[in-house]
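Structure first, then comments.
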Amino acid sequence: MKAEKPRTFGDKRLAGAIAALEKRSGGRLGVAVLDTGTGQSFGHRADERFAMCSTFKFLLAGAILKQVDEGRERLDRRIPVSKADMVPYAPFVETRLDGPPPTVAELCEATMTLSDNVAANLLLPAVGDPAGLTAFLRTLGDRKTRLDRNEPSLNSAIPGDPRDTTTPAAMVHSMERLMLGDALTPASRDQLIAWMVANRTGDKRLRAGLPKGWRVGDKTGTGVRGTANDIGIVWPEGRAPLLIASYLTETPDSFKERDAIHAGVARAVADALKG
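When you read off a place in the sequence shown, starting at 1, and then add 1301, the result is the number in the numbering used here.
Below you can see the structure in the form of structure tokens.
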């Protein structure tokens, strides 16, 4: 009789490595990992709440694509933008103030690959604003994640404040449903993954700790009170993808040091896979 595979991804070395990274950061680190090939998972503070910051934009893009699948939205629809819409950090939208209105597809791409805050705010009404996005997540079986505010207010990351938070485990659940499950059509799944892979903001976080040659898609998030996050889908060579959610908050570390914590998480996960 074949011995059953353990349900936990990695071993004590992975747990020890993540705990050491948290101690080094001086903050609170939450990590969830799912090996989609084996079903094995790992968690460190995986059921604790963390401010999503811009990682919510992945969920927003997924909700938009669901609307497209159901015929309630079109990627080529143009959304007008004005100076009144502007908030800090809009590298794409600011280029379109005097040009043609951006399409839904362009706004999704800017939201996902540049983390454009105005692009995200312009898309939110299409899914019923923050409450509508939260309701969509409930249909995925995610009972934890909630969005309450728009950019940039949602980045406050006040300890103990449940607004605009998720848990690492809940985020991994929604990532699996949206990118690898049946929540979206195959075309929409492929599009969501393509936006993740094309992200330009995450080179120093999870991506930095993974072996060369592994395909990676990610979405970062950054807030106040020592908050820095990264969620990713990772394809090890010759294996089914891994899903990783890494959330860090309340650390006194510099931005460079926060990035290094996420790179360390990815490195520890990759090492655990090698055995």
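Where a beta carbon is used, it is the ideal one built from N, C-alpha and C, also for glycine.
Around the Cβ of residue i, are there at least 16 other Cβ atoms within 10 angstroms (buried) or fewer (exposed)?
i	result
Ala1304	Unreliable positioning characterises Ala1304 in this predicted model, as indicated by a pLDDT of 45, which lies under 50. The coordinate reading is nonetheless provided below. Exposed: under 16 other Cβ atoms inside 10 Å.
Glu1371	exposed
Asp1377	exposed
Glu1452	buried
Phe1556	exposed
Ala1488	exposed
Lys1513	exposed
Ala1320	exposed
Pro1381	exposed
Thr1356	buried
Ile1545	buried
Val1566	buried
Gly1344	buried
Lys1520	buried
Gly1317	exposed
Arg1619	Outside the displayed span of the chain (1302 to 1576) sits residue 1619, for which this structure offers no information.
Ser1273	It is not possible to answer for residue 1273, since the shown part of the chain is limited to 1302 through 1576.
Gly1524	buried
Gly1576	exposed
Asp1417	buried
Can you give the beta carbon distance from residue i to residue j, rounded, assuming they're within the 8 Å contact cut?
i	j	result
Leu1448	Asp1462	Going by Cβ atoms, the distance from Leu1448 to Asp1462 rounds to 13 Å, so no, they are not a contact pair.
Thr1550	Leu1415	Their Cβ separation, rounded to whole angstroms, is 23 Å, which puts Thr1550 and Leu1415 out of contact at 8 Å.
Thr1309	Leu1543	Rounded, the Cβ-Cβ distance is 14 Å, inconsistent with contact.
Asp1443	Arg1506	Not really, about 23 Å apart at Cβ, beyond 8 Å.
Pro1598	Gly1331	The structure shown has nothing for residue 1598, since the chain only spans 1302 to 1576.
Pro1623	Arg1379	Because the chain spans 1302 through 1576 in this model, residue 1623 falls outside it and cannot be assessed.
Met1480	Ile1494	6 Å
Cys1409	Leu1398	With a Cβ gap of about 19 Å, Cys1409 and Leu1398 do not count as contacting.
Gly1510	Ala1564	4 Å
Asp1312	Ala1573	7 Å
Which partner residues of residue i appear in the DSSP bridge assignment?
i	result
Ile1545	Val1334 and Gly1533
Gly1340	DSSP, once it has assigned bridges, lists no residue as partnering Gly1340.
Val1566	The partner list for Val1566 (beta bridge, DSSP) is empty, contrary to what the question assumes.
Pro1351	This sequence places Phe at residue 1351; Pro is not what is there. DSSP, once it has assigned bridges, lists Thr1467 as partnering Phe1351.
Thr1309	Ser1342
Arg1329	Thr1550
Arg1379	Thr1404
Thr1528	Gly1524
Report task. Kindly confirm or deny that the region 1355-1375 and the region 1419-1439 touch, where touching means at least three C-beta pairs closer than 8 Å. Result -> yes
Query - Contact the region 1339-1357 vs the region 1528-1540: 3+ CB pairs below 8 Å - result: yes
**Report entry** Ranges of the beta strand (DSSP E) found wholly within the region 1388-1421, counting only runs of at least 3
**Finding:** none
Report task. Could I get the ranges of all uninterrupted beta strand (DSSP E) runs contained in the region 1460-1525, with 3 residues as the minimum, in chain order? Result -> 1516-1524
Query raised in the report: Does the count of Cβ pairs from the region 1532-1542 and the region 1416-1432 closer than 8 Å reach three?
Result: no
Query raised in the report: Counting pairs of Cβ atoms below 8 Å between the region 1325-1332 and the region 1558-1574, do you hit three or more?
Result: yes
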